[in-house]
Amino acid sequence: MISVPDTVVDAGVQAAREAEANAPWNFTVNLLDILLITLGFSLISRETVMPVLVSTLTDSKLAVGLVAAIFGFGFYLPQLLTAGYTEQLRYKKPFVMTVSLVGERLPYLLIALAVWGLAARAPALTLVLFYLCLATAAFSAGAATPAWLDIIAKVIPVRRRGLWSGLGHSLGALLGVVGALLAGRILAGYPYPTNYALLFGLASVFIFLSWVGLALNREPPSVVTKEAIPLRVYFRQLPAVLRRNLNYRAYLLSRMTVLLGAMANGFFIVYGRERFGIDAAGIGALTALLVGSVAVMNLVWGFLADRWGHKLVLAGGALLLALAGLNAWLAPSAAWLGLTFVLLGAYSAADMVSSLTIILEFCAPEDRPTYIGLTNTLLAPILILAPVLGGWLATVAGYTPLLITSTTIAAIGGLLLVFWVHEPRTAPLVVVSSAEPSLFTPSSLETDL
């Protein structure tokens, strides 16, 4: 039996009491953060507004696919580089606040200025600047994510994380429905490129305001931190995670399959424009359907996640993604295509509620940043490949093969989640950060918070 020093136990108890006392406050301020940032991003949706903006700057379908590829690469790849550093910090909030303010939020304002000043006379330069700003924002968000999620794990109880995520994204999306309709009116009511500049400028306001909610967190200190080790030593320890945690490995492979099945997501709106002649008002309406679906399904998924686990949510979202592609393939009109965006919103909501939160349940508290960073870094190549492959398929074979391929792969990914991955809340906890078992298990401090 392992002897745990009394000082560590006392510190853990004190941290648990502090987190419990501040739980209502932290729930509220983090709700404010997620609500405002969701509202901001709904105005410049990566599924509708950004692809259409890119299509006005270039005729290349591959360029449209690069929106999702660049964001996915930037967001997921750097997380493993910062995870080890994060595990050394007793307080994560100062690091997150700095990176997310300058690196994550500022680039969207710069996009607004670039589009306003350059899009009409230098579309190629504007496209390059757009990609650079998007990559910077994504890289910074990814770099801060292991530390930010560790804050969430410390300040929001495990049985309330689904409610927090679902409610925050849902309220933000409800406001985003109005924002999406407003986006359609701005796109139709203002000349190009002023319309897109206004959208990115307005989105930046809400994205900056969300930082206030982050800054108001009352973060308790981490009870267990790790000593600094060389990066090469840290990387050599990572294969043990995949070797020993078989359920986590099954989750990763299933998740990779689902993400590959999302290769058509950024092309639904461009497909609608080319096939059905959807205009600016139609883009706003479809964005409103997408955001409205996100709003409703965030609440549904959040309830299901708290009650039955995040695996159920992710599997359901993957199967609905497959139905979205199938419906787009069979849609006889633009109105029918609206169902695709409803289903896409349901998938996006499942991803928002559970894709990051489930990672916290595969490991011990002190291993969370490593698991978060490892997961998202390993997923990065798929997130890059999927939209690029989608753009290549659309270019050389047309939209029908793209839709059939994405639908099939998404369905396979959903079935893998259902039948191969065990619900992590009921699976044995695997500790890989040291030769010693974790000081805390899911039945101790973590679930008591």
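Residue numbers 251 to 699, in the working numbering, belong to the letters of the sequence shown in order. Glycine included, each C-beta is placed from N, C-alpha and C at the ideal position.
Distance from the CA atom of residue 529 to the CA atom of residue 519, rounded to whole angstroms, is 11 Å. The residues 430, 431, 433, 434, 435, 437, in chain order, have a CB closer than 7 Å to that of residue 534 in the same chain once the five nearest residues on each side in sequence are set aside. At a Cβ-Cβ threshold of 8 Å, residue 572 and residue 603 do not count as neighbours.
Note on the stretch 481 to 511: whole alpha helix (DSSP H) runs with a minimum of 4 residues are 481 to 487, 489 to 494, 496 to 510, in chain order. The beta-carbon separation of residue 585 and residue 522, rounded to 11 Å, does not stay under the 8 Å limit for a contact.
The shortest C-alpha to C-alpha distance from residue 268 to any of 674, 496, 407, 439 is the one to 407. Counting only residues of its own chain and dropping the five nearest sequence neighbours on each side, residue 651 has a CB closer than 7 Å to the CB of 643. Closest in C-alpha terms to residue 468, from the list 417, 507, 361, 341, comes 341. Residue 389 counts as buried, since at least 16 other C-beta atoms from the protein chains shown sit within 10 angstroms of its C-beta. Apart from the 5 residues on each side of it in sequence, residue 387 sits with its Cβ closer than 6 Å to the Cβ of 354, 357 in its chain, given in chain order.
One Cα belongs to residue 312, the other to residue 641, and the distance between them is close to 5 Å.
Spatial neighbours of residue 465 in its own chain (CB-CB distance under 7 Å, excluding positions within 5 residues in sequence) are listed in chain order as 347.
Restricting attention to beta strand (DSSP E) runs no shorter than 3 residues, the stretch 288 to 339 encloses none. The count of Cβ pairs closer than 8 Å, one atom from the stretch 550 to 565 and one from the stretch 601 to 618, reaches three, so the stretches are in contact. Distance from the CA atom of residue 402 to the CA atom of residue 442, rounded to whole angstroms, is 40 Å. Distances from the alpha-carbon of residue 287 to those of 314, 368, 482, 420 put 420 closest. In the DSSP annotation of this structure, the continuous segment of the alpha helix (DSSP H) that includes residue 400 starts and ends at 373 to 405. Taking the Cβ atoms as the reference, residue 499 lies roughly 5 Å from residue 492, within the contact range of under 8 Å. Take the alpha-carbon of residue 658 and the one of residue 575: they are about 9 Å apart. In the structure shown, residue 444 adopts helical secondary structure according to DSSP, grouped into three states. Judged by pairs of C-beta atoms under 8 Å, the stretch 362 to 370 touches the stretch 440 to 460, as three or more such pairs exist. Taking a C-beta distance under 8 Å as the contact criterion, residue 329 and residue 634 do not qualify as a contact pair.
Around the beta carbon of residue 517, a 10 Å sphere encloses 16 or more other beta carbons of the protein chains shown; the residue is thus reported as buried.
Rounded to whole angstroms, the Cβ separation of residue 423 and residue 292 is 6 Å, and the two are in contact under 8 Å. Here DSSP, grouped into helix, strand and coil, assigns residue 520 to helix.
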